[in-house]
Amino acid sequence: MTVEFSELGLGDKVTEAVAAAGYTKPTDIQAQAIPHVLEKRDLIGIAQTGTGKTASFVLPMLSLLEKGRARARMPRTLILEPTRELAAQVHENFEKYGKNHRLTVALLIGGVSFEDQNKKLDRGADVLIATPGRMLDHFERGRLLLTGVDILVIDEADRMLDMGFIPDIERICSLLPARRQTLFFSATMPPEIQKLTQRFLRDPVKVEVARQNSTADTIEQLLLKVGRTPAEKRAALRDQIRAAKDLKNAIVFCNRKRDVATVARSLERHGFDAGALHGDMDQKSRTETLDRFRAGSLAILVASDVAARGLDIPAVSHVFNFDVPTHAEDYVHRIGRTGRAGRSGTAITLIGPGETKYVDAITKLIQRDIAWADAPTSPSAPTPDASQGDEAPASGRKRGRRTRGKEEKPAAEKQQTKQAEQAPRQKREPSPRQDREQAPRQQREQPRRANNDDAPASFKSEGHIPAFLLRPTGRA
DNA sequence: AAAAAAG
Numbered sequence: 173m174t175v176e177f178s179e180l181g182l183g184d185k186v187t188e189a190v191a192a193a194g195y196t197k198p199t200d201i202q203a204q205a206i207p208h209v210l211e212k213r214d215l216i217g218i219a220q221t222g223t224g225k226t227a228s229f230v231l232p233m234l235s236l237l238e239k240g241r242a243r244a245r246m247p248r249t250l251i252l253e254p255t256r257e258l259a260a261q262v263h264e265n266f267e268k269y270g271k272n273h274r275l276t277v278a279l280l281i282g283g284v285s286f287e288d289q290n291k292k293l294d295r296g297a298d299v300l301i302a303t304p305g306r307m308l309d310h311f312e313r314g315r316l317l318l319t320g321v322d323i324l325v326i327d328e329a330d331r332m333l334d335m336g337f338i339p340d341i342e343r344i345c346s347l348l349p350a351r352r353q354t355l356f357f358s359a360t361m362p363p364e365i366q367k368l369t370q371r372f373l374r375d376p377v378k379v380e381v382a383r384q385n386s387t388a389d390t391i392e393q394l395l396l397k398v399g400r401t402p403a404e405k406r407a408a409l410r411d412q413i414r415a416a417k418d419l420k421n422a423i424v425f426c427n428r429k430r431d432v433a434t435v436a437r438s439l440e441r442h443g444f445d446a447g448a449l450h451g452d453m454d455q456k457s458r459t460e461t462l463d464r465f466r467a468g469s470l471a472i473l474v475a476s477d478v479a480a481r482g483l484d485i486p487a488v489s490h491v492f493n494f495d496v497p498t499h500a501e502d503y504v505h506r507i508g509r510t511g512r513a514g515r516s517g518t519a520i521t522l523i524g525p526g527e528t529k530y531v532d533a534i535t536k537l538i539q540r541d542i543a544w545a546d547a548p549t550s551p552s553a554p555t556p557d558a559s560q561g562d563e564a565p566a567s568g569r570k571r572g573r574r575t576r577g578k579e580e581k582p583a584a585e586k587q588q589t590k591q592a593e594q595a596p597r598q599k600r601e602p603s604p605r606q607d608r609e610q611a612p613r614q615q616r617e618q619p620r621r622a623n624n625d626d627a628p629a630s631f632k633s634e635g636h637i638p639a640f641l642l643r644p645t646g647r648a
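Under our numbering, the very last position in the first sequence is 648; numbers go up by exactly one each time.
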């Protein structure tokens, strides 16, 4: 039997907003959780992102908030999120589903000015969505009274634990009324998290949806052996992007923030439409880049694990792991950015020497082997062909005939040739002139390291960008 | 070993 949103006991305003957003059937977690939340029960929700978890608390909260009004500096509900982007995303959910309500929703995150946040607090916020640091900052400045909070949501609890937020959470809980409703969400339930639920929750209902430790079948996963140096890795990444089939947009994950910056810049300099996202960037750029990527005006997002979990980015066709994630769980989260909602996706992981040891942990966790990919022959990997100038490899000919260093991987040989059909949107046609104009800016950004390998393509004799990448229509 | 989050 299938349930409809209209049968869950949500108020009319919410149900209408949900219908207006185009949804009729709740997801598993929504169908299970919403009735309990409406009954004001405490709840433990074990669910990953992508399961519709956010709406499972946003919708019933909207219904419950219809009774009563907020007073200045006394929020009625509080939602804690581990990252600023996730907090912003929950905020968007409140805007979308709360459009028939007149509620004040305040987003308290770091990296942006206090001014707007103060205004919202003074007006009286019905809903506070916050990252712990900024929320406590407001509290210590006396802008905030937490004694009126009826509902507390702790989202992504296991990640909060990873990030060392638990002391903050404990502190915040001690500031809240003991009589309150607490909704607790976590993708996993390790013992420490289990203990927390005993401390923070009262007689909770437990709701669990299928754990996706085994990665979705809709994701084609591949491993690729690459060289040790960052330059070799970047070259391999470019080759993979160029050769990728049906690439619409992609996320490239790096383990380190400085690599995120370097890789993004490198891709840009090679003419790709790429942008960076990591936690050391100013919030404005973070938001801007993410918005552009979501809107489809940015083709390649290079990101740290800040983007690995939770972010709702629909329909990413490719995920590239520039580094092997050292925590196997992160692999699952990263590649889970593609192949969502039944769509197919491709996840390619670059394996430098010394990174193989992490691969074992991953295959063990996901309980399957991952196939080895073939390195496409391309101008940026020096081969006998490279000197022959500007032939477009779009025809697929010559590829793989003489790939070097593949002998130890017979599996790679029988992998079908990947044809580069459509290139990611190119930002610009690299012309020597433009490249020269770009140079000073890049020197400013990274004065000490001029990577020769990353010199603009048009400066290099062998690093020629194939025509098919510049003109998707191809040529005669 | 790294990322994230307060400034």
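For each residue, glycine too, the CB sits at the ideal point set by N, CA and C.
Have a look at residue i and residue j and give me their C-alpha separation to the nearest angstrom.
i: PHE337; j: ARG466; result: 28 Å
i: PRO402; j: ARG506; result: 20 Å
i: LEU182; j: LEU210; result: 8 Å
i: ARG406; j: SER438; result: 8 Å
i: THR461; j: ALA475; result: 10 Å
i: GLU501; j: MET361; result: 13 Å
i: LEU333; j: THR276; result: 29 Å
i: LYS225; j: GLU257; result: 16 Å
i: ASP463; j: ASP445; result: 14 Å
i: ARG248; j: HIS273; result: 15 Å
i: ALA566; j: ARG414; result: The predicted model places ALA566 with a pLDDT of 31, which falls under 50 and marks its position as unreliable, so this point remains unresolved.
i: PHE229; j: ILE216; result: 11 Å
i: ALA350; j: TYR195; result: 36 Å
i: ALA193; j: TYR269; result: 8 Å
i: LYS212; j: MET307; result: 24 Å
i: THR528; j: ALA436; result: 24 Å
i: TYR668; j: GLU440; result: Absent from the model: residue 668. The displayed extent of the chain is 173 to 648, so no value can be given.
i: GLY271; j: ILE301; result: Sequence inspection shows Lys at residue 271; the Gly mentioned does not correspond to that position. Cα to Cα, LYS271 sits roughly 17 Å from ILE301.
i: ASP411; j: LEU280; result: 41 Å
Here's a check: name, in chain order, each residue in its chain whose Cβ is nearer than 8 Å to the Cβ of residue i, leaving out the five neighbours to either side.
i: ASP214; result: GLN353, THR354, LEU355, PHE356, LEU373, ARG374, ASP375, PRO376, VAL377
i: GLU267; result: VAL277
i: VAL432; result: CYS426, ALA448, LEU449, HIS450, VAL474, ALA475, SER476
i: ALA422; result: ILE413, ALA416, ALA471, ILE472, LEU473, VAL488, SER489, HIS490, VAL491, PHE492, PRO596
i: MET233; result: VAL209, THR249, VAL299, ILE323, VAL325
Pick out whichever of the options has its Cα sitting closest to the Cα of residue i.
i: GLU542; options: GLN204, ARG414, THR518; result: Reading off the sequence, residue 542 comes out as Ile, not Glu. The candidate whose alpha carbon is nearest that of ILE542 is THR518.
i: LEU396; options: LYS268, ARG343, PRO525; result: PRO525
i: ALA227; options: LYS292, ALA244, THR360, ILE201; result: ILE201
i: ILE534; options: LEU522, LYS268, VAL474, HIS499; result: HIS499
i: VAL488; options: LYS420, LYS367, ASP322; result: LYS420
i: SER285; options: GLY468, LYS456, ASN493; result: LYS456
i: ASP322; options: GLU264, LEU237, GLU364; result: LEU237
i: GLU404; options: PHE494, LEU473, GLU342, PRO363; result: PHE494
i: ARG509; options: VAL531, ARG481, ILE520; result: ARG481
So, at 7 Å on beta carbons, what are the nonlocal neighbours of residue i in its own chain, with the 5 sequence-adjacent residues on each side left out?
i: GLU593; result: A caution first: GLU593 carries a pLDDT of 33, below 50, which makes its placement in the model unreliable, though a value can still be read off. Hits under 7 Å: LYS417, ASP418.
i: ARG315; result: ARG245, ASN290, LEU293
i: THR199; result: THR223, GLY224
i: ASP484; result: GLN261
i: SER235; result: LEU182, GLY183, VAL186, LEU210
i: THR369; result: ILE216, PHE356, PRO376
i: GLY283; result: ARG256, ASP454, GLN455
i: ALA242; result: ARG248, THR276, GLY296, ALA297, ASP298
i: ALA382; result: none
Which residues does DSSP list as the beta-bridge partners of residue i?
i: GLU267; result: In DSSP, GLU267 forms no bridge with anything.
i: LYS378; result: ILE216
i: ILE323; result: THR249, GLN353
i: ALA448; result: VAL474
i: THR518; result: GLU392, HIS490
i: SER358; result: ILE218
i: VAL299; result: THR249, VAL277
i: LYS291; result: BP columns for LYS291 are empty, so no partner.
i: ALA422; result: ILE472, HIS490
i: ALA543; result: LEU394
i: ILE523; result: LYS397
Assign residue i to buried or exposed, taking buried as 16 or more other Cβ atoms, counted over all protein chains shown, within 10 Å of its Cβ.
i: LYS239; result: exposed
i: THR434; result: buried
i: GLN204; result: buried
i: THR303; result: buried
i: ASP288; result: exposed
i: SER178; result: exposed
i: SER358; result: buried
i: THR221; result: buried
i: GLY468; result: exposed
i: ARG428; result: exposed
i: ARG343; result: exposed
If you drop the 5 nearest sequence neighbours on each side, which residues of the same chain put their C-beta closer than 6 Å to that of residue i?
i: GLY511; result: ALA388, THR390, ILE391, GLY517
i: LEU347; result: LEU318
i: PRO254; result: GLU328, ARG331, MET332, MET335
Closer than 8 Å: is that where the CB of residue i sits relative to any heavy atom of the ligand ADP?
i: ALA408; result: Of the ligands one can find in the structure shown there are none, so the ligand ADP has no counterpart to examine.
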